[in-house]
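Chemist: The sequence shown begins at 765 in my numbering and counts up one residue at a time. Using N, Cα and C, we set each Cβ at its ideal position, and we do this for glycine too. Here's a structure for you.
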Amino acid sequence: MAANTQYTQCCGLNIKKVSLKELLFNKTMLVAYILIAIGVIGWIQLYGLRFFHLFVNNHDVIAAAGGSSEHLKAIAEALKEQIFHLEHIEEVKKPEPWGIFVTQYTYLLYGGSALIFLTALAELFHVKIAPKVAAALMTFGIAMALGGMISIASDWGNPINIYWMILNPQPQSGMWLMLPLYSIYIPFTFIEIYFLITNKRDLARKVAGILVILGIIIDLAEFYIQGLLFNLNTPRHLWTDIPQLWIYFLISGALTGIAGAIVFAFLGLKNKPYFNEMIQTAAKIGIALIALAAIYEVINFMVVDPKWMRLIVAGSPISWMYWGWIILGIALPLVLFLTKKPGAILAGALSAIIGTFLMRQAFIYGGNIYPMSDRFGQGPEATGIYNLAEITPWAYIPPHTMEVLVIIGCFGLGIAIYSILDSLFDVRNINDNVEH
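Printed below as a string of structure tokens:
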């Protein structure tokens, strides 16, 4: 850490003394504010449609019908139920389709969680570079995960849903399982970060092994429950035929995380003497993850319903996403990582970031484009409600502009969370001289 940097002690931590300007108006935060401002435009549009549109406002519907009788009120309620609560066609609803919000959720949450998992694993096995970058990478990982959770809150209006889930616990529900999981996972990750940056190194060393092992167990539990959650969604059974889905989540999420870590290193660690070791180690891990992901894709071809595989590789709205994942997420990064050249490694990481996002999008959209039931005889969503030009064998809802704006805003919030934590706790510098 810089010799002239001043700190104050609190709870065993060195908290950097920074002005409000340095904390909230540094270059990173200014970038975050721009992205958040873009997101705010989308959030205003989204919540305006969801909560204030005349279709969800009974008063507006009744007024439009020219009266206020109980009969008209019943009609308005029925209309609202038909459009916004189509429970008889499972989870896919007009205002809450499984679309790009859930793509972002799985992308950032799994990527951040897997990066935390890999960092803990590297600490456990005494990888040489691990103690120097662990605090920064875990902080970066938790910022990614929180950005993803903000995205899913936008999709499901979760402040209300979580409230009802707490009042009405249903442990048999895969979604309900996420509440106790995150209530343990997120605080525990901050505890891990605390012991990585704490000034009490002796205490940290005594409990570090236990914390790392518990952290790995919690990370694995998170991926297992996420896999269980998606497997419980019977309407998407063609996609969730993938064996041991949680392992697929872990591998692909780890690739996102390691690619993000490489880009992070170029942005925040390039002046460090261990920078080259960091990106070379990350590239080696990336190569191993790409090999595992490629093996999993081969297994998918062998075991997943052939009808689904034909849709995903050709002739459906998400085929280009799938091939984007194969080319940008697997083939190109593998070649670039193998060169071991810093510029090529960065290009490979950027390619993997794009490719893994397309994979998540194909995953999420894949459950929706294939008919899940036969309510209208040609698939449940193949109706005018979804503004399809014509009835097709699949239902595809491309992301609306406001949805794209919101996920940009979620990236901005993740960047802001990391920047504030780094400004206060100096996570990029705090362990520069630490060895195992």
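If you draw a straight line from the alpha carbon of L901 to that of I880, how long is it in whole angstroms?
Modeler: The alpha-carbon atoms of L901 and I880 are separated by roughly 7 Å.
Chemist: Terminal residues of the continuous alpha helix (DSSP H) containing D1186?
Modeler: Start and end: T1165 to F1189.
Chemist: Check whether the Cβ atoms of M908 and G863 sit closer than 7 Å, and answer yes or no.
Modeler: Going by C-beta atoms, M908 is not nearer than 7 Å to G863.
Chemist: From K780, G803 and L784, pick the residue whose C-alpha is nearest to that of G1178; which is it?
Modeler: Checking every option, the nearest Cα to that of G1178 belongs to G803.
Chemist: Less than 6 Å between C-beta atoms, sequence neighbours within five positions excluded: which residues of the same chain meet that for I1022?
Modeler: Once the five neighbours on either side are set aside, the close Cβ partners of I1022 are A1046, I1049 and G1050.
Chemist: Return the chain-ordered list of same chain residues with a C-beta closer than 6 Å to the C-beta of A894, the five sequence neighbours on each side being excluded.
Modeler: If we look at A894 and ignore the five residues flanking it on each side, its Cβ neighbours are A886 and E887.
Chemist: Give the straight-line distance between the Cα atoms of I1038 and L1031, rounded to the nearest whole angstrom.
Modeler: It should be pointed out that residue 1038 corresponds to Tyr in this sequence rather than to Ile. Cα to Cα, the separation comes out at about 14 Å.
Chemist: In whole angstroms, what separates the C-alpha of P1070 from that of Y949?
Modeler: In a straight line, the C-alpha of P1070 is about 37 Å away from that of Y949.
Chemist: Quick one: residues in its chain with C-beta nearer than 6 Å to the C-beta of F954, no 5 flanking neighbours on either side, listed in chain order?
Modeler: Nothing listed; no residue qualifies.
Chemist: When the Cα atoms are used, what is the spatial distance from G1173 to L882?
Modeler: The straight-line gap from Cα to Cα measures roughly 27 Å.
Chemist: Hey, how far is the Cα of S1115 from the Cα of I1194?
Modeler: Those two C-alpha atoms are separated by around 30 Å.
Chemist: Would you say F1013 and Y874 are within 7 Å of each other, going by their C-beta atoms?
Modeler: Against a cut-off of 7 Å, the Cβ pair of Y874 and F1013 comes out as a contact.
Chemist: Would you report the Cα separation of E974 and T962, rounded to the nearest angstrom?
Modeler: For the record, residue 974 in the displayed sequence is Ile; it is not Glu. Near 16 Å, if we compare the C-alpha coordinates of T962 and I974.
Chemist: Mind checking E956: buried by the 16 CB within 10 Å criterion, or exposed?
Modeler: With 16 or more other Cβ atoms within 10 Å, it is buried.
Chemist: Specify the secondary structure class of K785 as computed by DSSP and reduced to three states.
Modeler: Three-state result, K785: helix.
Chemist: Quick one: using the 10 Å Cβ neighbour count with 16 as the cut-off for buried, is M1042 buried or exposed?
Modeler: Buried, by the Cβ-count rule.
Chemist: Could you round the C-beta distance between F865 and I1171 to whole angstroms and report it? I think they count as a contact, below 8 Å.
Modeler: F865 to I1171, Cβ: 7 Å. Contact.
Chemist: Look at the alpha carbon of A1025 and the alpha carbon of V1099, and state the distance between them as a whole number of angstroms.
Modeler: Near 18 Å, if we compare the C-alpha coordinates of V1099 and A1025.
Chemist: Identify which residue in L984, K1034 and N1035 has its Cα closest to the Cα of G1211.
Modeler: Examination of residue 1211 is not possible in this model, given that the chain is present from 765 through 1200 alone.
Chemist: Relative to the alpha-carbon of F1028, which residue among T867, R1192 and V1062 has its alpha-carbon at the smallest distance?
Modeler: Of T867, R1192 and V1062, the residue nearest in Cα terms is R1192.
Chemist: From the DSSP output, in three-state form, read off K858 for me.
Modeler: With a pLDDT of 41 at K858, under the threshold of 50, the predicted position of this residue should be treated as unreliable, though the coordinate-derived value follows. Coil.
Chemist: Who are the near neighbours of Y1086 in its chain, counting only those whose CB is closer than 8 Å to its CB and skipping five residues on each side?
Modeler: Excluding sequence neighbours, Y1086 sits near I1076, V1077, L1122, M1123 and A1126.
Chemist: Please report the distance separating the alpha-carbon of H1164 from that of V795.
Modeler: Spanning the two alpha carbons is a distance of roughly 24 Å.
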